[in-house]
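Below is one structure, written out as structure tokens, with a few remarks after it.
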Amino acid sequence: MKPSQPVVLITGASSGLGRATAEHLHEHGYRVYGTSRKPEAAPELPFPLLQVDVADEASVRQAVEHIVTQEGRLDVVVNNAGYGIAGAVEETTPEEAMRQLDVNLLGVLRVCRAALPVMRRQGSGFILNVSSLGGRVGLPFQGWYSASKFALEGLTEALRMEVAPFGVRVALLEPGDFRTGFTAQRQWTSESTESSPYGERARRCVGVMEADEQSGAHPEQAARLIRRIIETPRPKVRYTVGPLAQRAMIALRPFIPGRLFEWGIRKYYRLDE
Ligand SMILES: NC(=O)c1ccc[n+]([C@@H]2O[C@H](COP(=O)([O-])OP(=O)(O)OC[C@H]3O[C@@H](n4cnc5c(N)ncnc54)[C@H](OP(=O)(O)O)[C@@H]3O)[C@@H](O)[C@H]2O)c1
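Following this note's numbering, the residues of the sequence shown are numbered contiguously, the last one being 616.
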């Protein structure tokens, strides 16, 4: 039975897609808890913002315990918190790569490990993992970001089958480019210097991506789809959202020869100029 006011946890709700989703669900009667690493620095919001760094297991556990103490249940988790690093694969240190995975991938693990025992006990729950179209196509000079999202895709497919018998539904959201704080938060790797042999190509390529993000879809579009997904009794594995051309590219990919697809990506991101 669906509770009258489902309880939702959204990680990374101080900005962008997470904030828009939290506001939208709050307006539609959900009991929403968001998270931020620095709730005190966040704008005034109509829902509580708990202090969580998804790279810090104790903060994740405390947040879930707080919600369950307050509400007695946890119906939906949106694993949304994340950031992107930019730079050539070669010019990414293992520490920078590990930090990217720690937040975008292991952060999801920490939240799932805290939330799943509650959902299994209830015999119901929904986990929506926010991936990216960059989790379907390897993005040049965002290779480690793509790697974190590709890994999240595989993990989510497996998790979905594991927890289905407990009444827990799992799905992926794959956004294209959206206008959020993501662009400003992007971190270039420390070796991405002016003198790098990748220098100009990397800047030009990520420049195209950043322009697309800044003219991208409004986060409200993702928020509305997220509500539809979590209200679906039998969700699909993955949902794309965002600019139509980007979603079409993903849908058509199986019908396009691999080398032609790669040529299109190189052309689009001005890699060969
Ligand atoms: N924007 C796009 O074009 C796009 C495209 C595809 C996928 N995505 C994905 O969408 C998700 C949301 O991104 P966004 O575009 O909305 O970016 P955003 O505006 O920068 O929001 C990111 C959110 O994640 C939180 N966050 C970052 N690192 C965190 C950490 N270590 N622990 C806890 N929270 C953390 C931030 O909160 P605090 O800084 O307050 O802690 C913020 O609320 C990400 O997973 C991103 O990969 C975005």
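Note that the Cβ used here is the ideal one computed from N, Cα and C, for glycine as well.
For threonine 536 and isoleucine 428, the gap between their C-alpha atoms comes out near 14 Å. Counting along the chain, no beta strand (DSSP E) covers serine 402; the unbroken alpha helix (DSSP H) around it starts and ends at 400-414.
Uninterrupted alpha helix (DSSP H) stretches at least 4 residues long and entirely within the segment 406-494 occur at 437-444 and 450-465, given in chain order. In the structure shown, threonine 378 falls within a strand segment according to DSSP collapsed to helix, strand and coil.
For threonine 583, the pairing in a beta bridge is given by DSSP as Glu517. The three-state reading of DSSP puts arginine 577 in coil, since its state is none of H, G, I, E or B. The closest heavy atom of ligand 1 lies 7 Å or more from the beta carbon of proline 508. For isoleucine 353, the enclosing beta strand (DSSP E) begins and ends at 350-353. A distance criterion of 7 Å places the beta-carbon of arginine 380 in contact range of ligand 1, judged by its closest non-hydrogen atom.
At a threshold of 7 Å, alanine 356 counts as near ligand 1, since its beta carbon sits closer than that to one of the ligand's heavy atoms. Looking at the backbone, the Cα of arginine 567 and that of phenylalanine 521 are separated by about 14 Å.
Collapsing the DSSP output to three states places leucine 393 in a strand.
Relative to ligand 1, the beta carbon of tyrosine 426 is positioned inside 7 Å of a heavy atom. In this structure, DSSP gives arginine 522 a state outside helix and strand, which the three-state scheme calls coil. Under the three-state reduction of DSSP, alanine 356 is assigned to coil, being neither helix nor strand.
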